[in-house]
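Peer 1: Chains as they are written, first to last, in UniProt numbering: chain A, 1 to 413; chain B, 1 to 554.
The C-beta atom is built at its ideal place from N, Cα and C for all residues, glycine as well.
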Amino acid sequence: MRARIERLLDRLIHASAMERIAVSLAALFASIIVGAVLVFVSGGFASCRTGLDLAGWTFCYNPIQVYYELFLGALGHPLEGGWSPTNFNLATTLQQTTLLIFTGLSVAVAFRAGLFNIGTQGQLVVGALATAVTVVYAAAIVPGGFVGTVVLIPIGVLAGAVFGGLFGAIPGALKAYADANEVITTIMLNFVAVGITSTLLSWRFQDPDSSNPQTEPIPEYAEIPNLPFGFGGTMDFSTLALAFAVLLMIGIAWLLARTSFGYELRTSGVQPQAAAYGGVDDKRMVVSSMTLSGALGGIGGAFWVLMVHGRWLENVPDLGFDGIAVSILAGNNPLGVGASAFLFGILESGSQSIGTATDVPPELVGVLSGLIILFVAMPEFFRMIGARYLHVEPDEPVWADGGGTDDGGETDA
Amino acid sequence: MTDSGTGTIADGGRGVEHGDGTARTAGGDGGGDLAVHLDNITKRFPGVVANDRVDLRVERGTVHALLGENGAGKTTLMNVLYGLYQPEGGRVVVDGQERAFDSPRDAIDAGVGMIHQHFMLVDTMTVAENIALGNEPRKWFGLAVDRERIDREIRDLCDRYGFDVDPGATVADLSVGAQQRVEILKALYRGADVLILDEPTAVLTPQEVEGLYSVLEELTEQGKTIIFITHKLGEATHAADEITVLRDGESVGTVDPTATTQEELAEYMVGREVLLEADVEPRENGDVVLSTDDIVVEDEREVEVVSGIDLEVHSGEILGIAGVDGNGQGQLIEAITGLRTPDEGTITFDGEEVTDWSRRERIDAGMAYIPEDRHEQGLVMSFDLVENGVLGSQRSAEFANGGRIDWASVRDHTEDIIETYDVRPPDADADAVSLSGGNQQKFIVGREFERDPDLVVATHPTRGVDIGSTEFIHDRLLELREEGVAVLLVSSKLDEVQSLSDRLAVIYEGEFVDVTDPDEITEEELGLLMAGEHPSERHEPTDTVATGDRGDAE
Chain A
1 MRARIERLLD RLIHASAMER IAVSLAALFA SIIVGAVLVF VSGGFASCRT
51 GLDLAGWTFC YNPIQVYYEL FLGALGHPLE GGWSPTNFNL ATTLQQTTLL
101 IFTGLSVAVA FRAGLFNIGT QGQLVVGALA TAVTVVYAAA IVPGGFVGTV
151 VLIPIGVLAG AVFGGLFGAI PGALKAYADA NEVITTIMLN FVAVGITSTL
201 LSWRFQDPDS SNPQTEPIPE YAEIPNLPFG FGGTMDFSTL ALAFAVLLMI
251 GIAWLLARTS FGYELRTSGV QPQAAAYGGV DDKRMVVSSM TLSGALGGIG
301 GAFWVLMVHG RWLENVPDLG FDGIAVSILA GNNPLGVGAS AFLFGILESG
351 SQSIGTATDV PPELVGVLSG LIILFVAMPE FFRMIGARYL HVEPDEPVWA
401 DGGGTDDGGE TDA
Chain B
1 MTDSGTGTIA DGGRGVEHGD GTARTAGGDG GGDLAVHLDN ITKRFPGVVA
51 NDRVDLRVER GTVHALLGEN GAGKTTLMNV LYGLYQPEGG RVVVDGQERA
101 FDSPRDAIDA GVGMIHQHFM LVDTMTVAEN IALGNEPRKW FGLAVDRERI
151 DREIRDLCDR YGFDVDPGAT VADLSVGAQQ RVEILKALYR GADVLILDEP
201 TAVLTPQEVE GLYSVLEELT EQGKTIIFIT HKLGEATHAA DEITVLRDGE
251 SVGTVDPTAT TQEELAEYMV GREVLLEADV EPRENGDVVL STDDIVVEDE
301 REVEVVSGID LEVHSGEILG IAGVDGNGQG QLIEAITGLR TPDEGTITFD
351 GEEVTDWSRR ERIDAGMAYI PEDRHEQGLV MSFDLVENGV LGSQRSAEFA
401 NGGRIDWASV RDHTEDIIET YDVRPPDADA DAVSLSGGNQ QKFIVGREFE
451 RDPDLVVATH PTRGVDIGST EFIHDRLLEL REEGVAVLLV SSKLDEVQSL
501 SDRLAVIYEG EFVDVTDPDE ITEEELGLLM AGEHPSERHE PTDTVATGDR
551 GDAE
């Protein structure tokens, strides 16, 4: 029995890329079956006017319709007539994907450095406010029109990155120089971020023309243009932004794999003592990797302002927290973050689609999303755990002269 | 097969007496009673034949040593016997019955137990809990663990084999030697008649090794059979009744330790003649490369562990530091290599004061360092050898250009190290964790020696390395010395520091108690110095400044 499990694990660990994709698809399919049963049965306990009558019970929800909306609704119903690629639902999906790539990368970079950054949310909130305020003030001294677009957007993104980075550097410095656990400090700094931004807002940056807690709007020409495809003005998505996110993703992957800094970061993440031996200044590495992580979160905030709302609002969505799940699902591999963020984008947008097209309560839709993430993440999780387990067990005696079992648990090895 | 029931068994070199072996064949049915017979075992891994038609016959009630270099196939063969690997060819016969073990569980059921070098114990649990784990006797219809029975059975075992282990003690509080006895007890508790010990002495102090030998003796007297894996000649000749030598996956033969010499055994292992002692030519000293002035280091608990050490290492000189582990040599080395800041004193390297330099700056200035702990420091276990090949050089101009690592040239460099230092398997894409300890060490040594250093700080450079490679590493160290590199050598192997060093410093409780010419001191005197006692007053060692003048203390 144990030997069989070990063989299975071994098979899973050495699966090729194609096999892993096939496994993920199978997991997705399995989650749909389980979820469908759940939806169907739940329908039996709901009350509705029309439903499927079976043996005296009325089943209100149609699982096929629910999943149809979840997946195809997220793309704007491509199988129905009159479909255009630039539709509202697809725009929502891709908008979420774009923002989650930034926050997912933020969490992933910290993870690879051996740090658990739960503070991406706070870094995003701070970066977003910095972006909005900087752009609003800079707009006063920068000419409008095309020049304004070209100047203000980079300034805005830079402001988000700088302030997000600085806010991320705080827990980094606290860990490096005061030995404060980054999990605790980043969680607490999320509250600090909310407090600081709302104080700053009421102190100076509140939009005088509005009773809602929000900043003045940035000029329309400072919003990220809907290029090169025309997702209309209300859709709040720009292909250009997505392209930037994807490029940044590739850039981070390159940074980790090819540069001295990336090498030192990964070494610190898996074996801090070996990093110190190899001449890495551990304190500086903690601060710089947290700064990079915070900057990525801040860029996420910048795009949230520049692409979605055109201003900073007090109720910032939980993009930073979702970034943790995105990163874990991607095995903390920067290149995996894209696919992982897209899945989260679909679930987000598809949930809205279910809400408008069916009577299924949002709580149940949340359960379906959760099931999908759980099922898709599990094979990767078992790969991670399995690699560790198999290293510890039968391989161990091979190190005839003593071997540690220190294993980074990387999934992209 | 040799009849182990007669006479004494002497260590080939030193004539140490082993207890008499009268009860060795306690099974009573004479010399032909084989507890284990591995017949023509062949085990292949992709690209290598780890065991090529190996034959092993182990008599009941004897200690059988399996001797060979790193990668000779010793552990693979034992993993076949323990059910971890399934052989491609050959038969496994235990107690006269042919067996096919699918897993260690099957092997345990057949009375074969294995004690790994790395103990599989849960630190926070008690000895009794660890021993019974997975085999707990139950009471109340299987609802509760019968703790009294466990304790009773363990006490019985301890009495029977003369072990001094408290079943109620927490494992974390035990010494390494005691933990090893717990592992042995665990195997006995599961009914093992044949015990496989994988490099059992690697983690033990010399006293604990002696303790282990007496445990082995007791076990064989009670009819148990021991197979023990080692690459150390002295151990094999001392403790074993018979020795089977493996080389390159093939069995070279089985010998009687009383009828052979260490030199002969070494030749069997390596396949050629081996010089067990390095040949050191005295040479003139060059300039001072490294010097320390009154170094004081406190450890994490603010206890002073290095108390004012002065030393000088000249170009073209090997300064050896001998001492029992834990006398401050580790902290001294860390202060020199830049992993720790000394609390007082200065360090000068190549004429510049480097006390405040970072580790990075010291690497760049030409300090190579073979660390004591290769698993935590020397290698990143989950990285492949290419990535490990650049550890420490990741920012040097040779491999990194404008912050970008040139992986192609790193790969070339890594392949050179692998070839020159005979790292096996010769696969640059293998993860460091998959290599055996000796090969990991060879790789680190290669990486550090090929850094083109001015100073090599080598702590236990041959720990866990087989004799063929040890000889090679020693030769390379002497070559570096010829080239004018300064070498600071710390080793717990007395013969190593003594034969390689030009000058030998003895450290005790954070101070040098003597600096001497290694040729003028006997091993006994050295042992006494390491224990903090002065065997004679001939060096008048009131002050312990290590200067360039051989053997003189200021």
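Round the Cβ separation of I224/A and L306/A to the nearest angstrom and send it over; I've been treating them as touching at under 8 Å.
Peer 2: To locate residue 224/A, count along the first sequence from 1; it is residue 224. To locate residue 306/A, count along the first sequence from 1; it is residue 306. At roughly 5 Å, the Cβ-Cβ gap stays under 8 Å, so I224/A and L306/A are in contact.
Peer 1: Start and end of the beta strand (DSSP E) containing W57/A?
Peer 2: Translated into positions along the first sequence, residue 57/A becomes position 57. Segment 57-59, the beta strand (DSSP E) holding W57/A.
Peer 1: Establish whether the CB of E264/A and some CB of chain C are separated by less than 9 Å.
Peer 2: Absent from the structure: chain C. Protein chains present are A and B.
Peer 1: Between L35/B and chain A, is any beta-carbon pair separated by less than 9 Å?
Peer 2: As a first step, residue 35/B must be located in the second sequence, where it is residue number 35. With the sequence shown as reference, residue 35/B is identified as Ala, and Leu is not the correct amino acid for it. No, no contact with chain A.
Peer 1: Quick check on the burial criterion: 16 or more other C-beta atoms within 10 angstroms. Buried or exposed for P461/B?
Peer 2: Numbered from 1 along the second sequence, position 461 holds the residue referred to as residue 461/B. Buried, since its Cβ has 16 or more Cβ neighbours within 10 Å.
Peer 1: Below 6 Å CB to CB, which residues in the same chain sit around Y369/B once its five sequence neighbours on both sides are set aside?
Peer 2: On the second sequence, residue 369/B is found 369 positions in, with the first residue counted as 1. These residues qualify, in order along the chain: T337, V457.
Peer 1: For L153/A, I'd like the list of residues in its chain whose CB is within less than 7 Å of its CB, leaving aside the five on either flank, ordered along the chain.
Peer 2: Position 153 of the first sequence holds residue 153/A. Leu is not the amino acid found at residue 153/A; the sequence shown has Ile there. Hits under 7 Å: A222, I224, L306.
Peer 1: State the DSSP-derived secondary structure class of A400/B, mapped to helix, strand or coil.
Peer 2: Here the question's residue 400/B lines up with position 400 in the second sequence. In this structure, A400/B counts as strand in the three-state DSSP scheme.
Peer 1: For A100/B, count the other beta carbons within 10 Å of its own beta carbon; 16 or more makes it buried, fewer makes it exposed. Which is it?
Peer 2: Taking the second sequence and counting its residues from 1, one reaches residue 100/B at position 100. When all chains shown are included, A100/B counts as exposed.
Peer 1: I'd like to know if A3/A contacts chain B, where contact means its C-beta is closer than 9 Å to some C-beta of that chain.
Peer 2: To locate residue 3/A, count along the first sequence from 1; it is residue 3. For A3/A, the answer is yes, since a Cβ of chain B falls inside 9 Å of its Cβ.
Peer 1: A17/A: buried (16+ other C-beta within 10 angstroms of its C-beta) or exposed?
Peer 2: If you number the first sequence from 1, residue 17/A lands on position 17. A17/A should be labelled exposed.
Peer 1: With a threshold of 7 Å on Cβ separation, who are the neighbours of W357/B within its own chain once the five nearest residues in sequence on each side are excluded?
Peer 2: Translated into the one-based positions of the second sequence, residue 357/B becomes position 357. Cβ within range, chain order: G338.
Peer 1: Which residues does DSSP pair with R91/B in a beta bridge?
Peer 2: As a working mapping, residue 91/B is identified with position 91 in the second sequence. Answer by DSSP bridge pairing, in chain order: D39/B.
Peer 1: Given this structure, state the Cα-to-Cα distance separating P371/B from V48/B, to the nearest angstrom.
Peer 2: For the purposes of this step, residue 371/B is identified with residue 371 of the second sequence, where counting begins at 1. For the purposes of this step, residue 48/B is identified with residue 48 of the second sequence, where counting begins at 1. Cα to Cα, the separation comes out at about 30 Å.
Peer 1: Please determine if the stretch 200-210 of chain A and the stretch 320-337 of chain A are in contact, where contact requires at least 3 C-beta pairs separated by less than 8 Å.
Peer 2: Not touching, per the Cβ criterion.
Peer 1: By how many angstroms is the C-alpha of M269/B removed from the C-alpha of D310/B?
Peer 2: In the second sequence, counting from the first residue as 1, residue 310/B sits at position 310. In the second sequence, counting from the first residue as 1, residue 269/B sits at position 269. D310/B and M269/B: Cα-Cα distance of roughly 42 Å.
Peer 1: Between V288/B and L488/B, what straight-line distance do the alpha-carbon atoms span, to the nearest angstrom?
Peer 2: Taking the first residue of the second sequence as 1, we reach residue 288/B at position 288. Taking the first residue of the second sequence as 1, we reach residue 488/B at position 488. Spanning the two alpha carbons is a distance of roughly 12 Å.
Peer 1: By a C-beta neighbour count over all protein chains shown, 10 Å radius and 16 as the cutoff for buried, is P63/A buried or exposed?
Peer 2: In the first sequence, residue 63/A corresponds to position 63, counting from 1. Buried, because 16 or more other Cβ atoms sit within 10 Å of the Cβ of P63/A.
Peer 1: Have a look at V390/B and F399/B and give me their C-alpha separation to the nearest angstrom.
Peer 2: Taking the second sequence and counting its residues from 1, the one referred to as residue 390/B is at position 390. Taking the second sequence and counting its residues from 1, the one referred to as residue 399/B is at position 399. Each residue's Cα considered, the two are about 8 Å apart.
Peer 1: Roughly how many angstroms separate the alpha carbons of G127/A and L368/A, rounded to a whole number?
Peer 2: In the first sequence, counting from the first residue as 1, residue 127/A sits at position 127. In the first sequence, counting from the first residue as 1, residue 368/A sits at position 368. Roughly 32 Å separates the two Cα atoms.
Peer 1: Could you tell me whether the stretch 125-132 of chain B touches the stretch 98-113 of chain B, where touching means 3 or more Cβ pairs closer than 8 Å?
Peer 2: These segments do not touch.
Peer 1: Could you have a look at E509/B and say whether DSSP puts it in helix, strand or coil?
Peer 2: As a position in the second sequence, residue 509/B is number 509, starting the count at 1. In the structure shown, E509/B sits in coil (DSSP, three-state: anything other than H, G, I, E or B).
Peer 1: Which residue wins for smallest C-alpha separation from L343/A, given the options P143/A, V287/A, T97/A?
Peer 2: If you number the first sequence from 1, residue 343/A lands on position 343. Nearest option by C-alpha distance: T97/A.
Peer 1: From L242/A to D299/B, what does the alpha carbon distance come to, in whole angstroms?
Peer 2: Counting from 1 along the first sequence, the entry for residue 242/A is found at position 242. Counting from 1 along the second sequence, the entry for residue 299/B is found at position 299. One C-alpha to the other measures close to 52 Å.
Peer 1: Would you report the Cα separation of G403/B and D236/A, rounded to the nearest angstrom?
Peer 2: Here residue 403/B refers to the residue found at position 403 when the second sequence is read from its first residue. Here residue 236/A refers to the residue found at position 236 when the first sequence is read from its first residue. Their backbone Cα atoms lie some 38 Å apart in a straight line.
Peer 1: Counting pairs of beta carbons, one from the stretch 223-238 of chain B and one from the stretch 69-84 of chain B, are three or more of them closer than 8 Å?
Peer 2: Short answer: they touch.
Peer 1: Under a Cβ-count criterion, where at least 16 other Cβ atoms within 10 Å of its own Cβ denotes burial, should N51/B be classed as buried or exposed?
Peer 2: Residue numbering aside, residue 51/B sits at position 51 when the second sequence is read from its first letter. So N51/B counts as buried.
Peer 1: Does the beta carbon of Q329/B come closer than 9 Å to any beta carbon on chain A?
Peer 2: Here the question's residue 329/B lines up with position 329 in the second sequence. Output row for Q329/B: interface = no.
Peer 1: Between P334/A and I252/A, is the Cβ-Cβ spacing less than 9 Å?
Peer 2: As a working note, residue 334/A is residue 334 in the first sequence. As a working note, residue 252/A is residue 252 in the first sequence. Yes.
Peer 1: When DSSP builds the beta bridges, which residues end up paired with Y369/B?
Peer 2: Numbered from its first residue, the second sequence carries residue 369/B at position 369. BP columns for Y369/B point to V457/B.
Peer 1: Please report the distance separating the alpha-carbon of G83/B from that of L246/B.
Peer 2: For the purposes of this step, residue 83/B is identified with residue 83 of the second sequence, where counting begins at 1. For the purposes of this step, residue 246/B is identified with residue 246 of the second sequence, where counting begins at 1. Their Cα atoms are separated by approximately 20 Å.
Peer 1: Does the stretch 86-96 of chain A come into contact with the stretch 149-165 of chain A, if we say contact requires no fewer than three beta-carbon pairs (one atom in each stretch) closer than 8 Å?
Peer 2: Verdict: no, contact absent.
Peer 1: By DSSP, does D52/B sit in helix, in strand, or in coil?
Peer 2: What you label residue 52/B is simply residue 52 of the second sequence in a count that begins at 1. Strand, per DSSP.
Peer 1: Can you tell me which of the three DSSP states L115/A falls into?
Peer 2: Within the first sequence, numbered from 1, the residue matching residue 115/A stands at position 115. Reduced to three states, the DSSP call for L115/A is coil.
Peer 1: Grab the span of the alpha helix (DSSP H) containing R147/B for me, first residue to last.
Peer 2: Numbered from 1 along the second sequence, position 147 holds the residue referred to as residue 147/B. From DSSP, the alpha helix (DSSP H) with R147/B extends over 147-161.
Peer 1: Are the C-beta of V380/B and some C-beta of chain A separated by less than 9 Å?
Peer 2: As a working note, residue 380/B is residue 380 in the second sequence. Taking Cβ atoms only, chain A reaches closer than 9 Å to V380/B, which makes this a yes.
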